[in-house]
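Numbering (the working numbering), first residue to last: 1 to 363.
All residues carry an ideal CB built from backbone N, CA and C; glycine is no exception.
Computed from a prediction, not measured in an experiment: that's the story for all the values here.
See below for the structure under consideration.
Pasting the structure below:
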């Protein structure tokens, strides 16, 4: 029987980070999650970072104190078996750090910038917008808005996409940059770290925004207006995301589909049915999405590749206040072995829990 399992038994709220991150260490031995005594105020509150044994859910240990908002929590993810990256607000400015959870040493950081979903190929990507430009005096290489990578072997920082390239991507596609275009989010390297994609704000795409992509080997750029949402790389050349439609002042739930796209936005295949925040199993045979739409329980759905009817519906809560006003989204994420789905499970108007289900019997 498939049952909901709590990562930690505590009166505190517990939470996981962005969909498609790595809450597990690569060797599958440990988990990282956040704890909050209160979810108020939603924009920034006291948070603790904890780790535990992945299999036994024992050995819970606090590794950091920080401040962050509820949306995506501390965005904590393992970058190797011993180190995690997490975000924290310092004097109300967002930063991220690399922490060795065995020694307690902050290996790199804090670096003031916008964090990403995960590291790839030994590099952690991040974006710099105007509010961060004077906040990193020890890193003179951070000298303009753009996209950068942190090399996890030596801490070196490299600018991979200057801000002007971002603006040119938008303008060359016939669209209009706005005041937030260089506030790039959801920056993600493909598995080989040869391409980077990002969410962009442009004047003509008020609801879904736009997506940019840069080939780091030849400089070729790609642009998608009114992009599919909550995108993640499917492989080195294509990405997966939820295609949504906006009609009569609302985003439709029933017509949403988890699909695979080229970097220019062409549909390659339909991977699953209704979704919002999504992830794919490591072998890309299974896909999960949440039904995070206002007015509906935020159920988590599991699909066999190519099927729009779910193989499993995991009932989540209908705590609309927690999901929307306090910004606790389910953010389902597969385990390293593809046998678990981790997600956030609001249980009341004041509390949420980090949970998972074991789906081994379906595989």
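Here's the rule: buried if 16 or more other CB atoms are within 10 angstroms of the residue's CB, otherwise exposed. What is residue i?
{"i": "residue 181", "result": "buried"}
{"i": "residue 246", "result": "exposed"}
{"i": "residue 364", "result": "Since the first residue shown for the chain is 1 and the last is 363, residue 364 is missing from the structure and cannot be characterised."}
{"i": "residue 365", "result": "This structure gives no information on residue 365, because the portion of the chain shown stretches from 1 to 363."}
{"i": "residue 179", "result": "exposed"}
{"i": "residue 123", "result": "buried"}
{"i": "residue 17", "result": "buried"}
{"i": "residue 137", "result": "exposed"}
{"i": "residue 209", "result": "buried"}
{"i": "residue 90", "result": "exposed"}
{"i": "residue 275", "result": "buried"}
Is the beta carbon of residue i less than 9 angstroms from the beta carbon of residue j?
{"i": "residue 32", "j": "residue 96", "result": "no"}
{"i": "residue 258", "j": "residue 271", "result": "yes"}
{"i": "residue 39", "j": "residue 322", "result": "yes"}
{"i": "residue 194", "j": "residue 217", "result": "yes"}
{"i": "residue 166", "j": "residue 139", "result": "no"}
{"i": "residue 28", "j": "residue 47", "result": "no"}
{"i": "residue 339", "j": "residue 301", "result": "no"}
{"i": "residue 4", "j": "residue 356", "result": "yes"}
{"i": "residue 214", "j": "residue 147", "result": "yes"}
Let me know the secondary structure DSSP gives residue i once reduced to three states.
{"i": "residue 289", "result": "strand"}
{"i": "residue 215", "result": "strand"}
{"i": "residue 36", "result": "strand"}
{"i": "residue 24", "result": "strand"}
{"i": "residue 171", "result": "helix"}
{"i": "residue 164", "result": "helix"}
{"i": "residue 361", "result": "helix"}
{"i": "residue 356", "result": "strand"}
{"i": "residue 130", "result": "helix"}
{"i": "residue 233", "result": "strand"}
{"i": "residue 176", "result": "coil"}
{"i": "residue 244", "result": "coil"}
When you measure from the CB of residue i to every non-hydrogen atom of the ligand NAD, does any distance come out below 8 angstroms?
{"i": "residue 270", "result": "This structure lacks the ligand NAD; in fact it carries no ligand of any kind."}
To test your reading of the DSSP string, which unbroken beta strand (DSSP E) runs of 3 or more residues are found completely within the region 104-128?
Counting only runs of 3 or more, we get 106-112, 123-128.
What runs of the beta strand (DSSP E), each 3 residues or longer, lie entirely inside the region 321-351?
As for any beta strand (DSSP E) of minimum length 3 sitting wholly inside the region 321-351, the runs are 340-346, ordered along the chain.
Under 8 angstroms: do the region 342-361 and the region 314-324 share three or more Cβ pairs, one atom per stretch?
The answer is yes - the region 314-324 touches the region 342-361, with three or more Cβ pairs under 8 angstroms.
Length at least 3, wholly inside the region 40-99: the beta strand (DSSP E) runs in chain order:
Taken in chain order, the unbroken stretches of beta strand (DSSP E) that lie wholly in the region 40-99 and span 3 residues or more are 45-53, 61-68, 83-90.
Does the region 19-30 come close enough to the region 67-86 that 3 or more CB-CB pairs lie under 8 angstroms?
Contact between the region 67-86 and the region 19-30 is present: 3 or more CB-CB pairs across the two stretches fall below 8 angstroms.
Could you tell me whether the region 80-89 touches the region 64-71, where touching means 3 or more Cβ pairs closer than 8 angstroms?
Contact between the region 80-89 and the region 64-71 is present: three or more C-beta pairs spanning the two stretches fall below 8 angstroms.
Any beta strand (DSSP E) of 3 or more consecutive residues that is wholly inside the region 249-273:
Here the runs fully enclosed are 257-262, 267-272.
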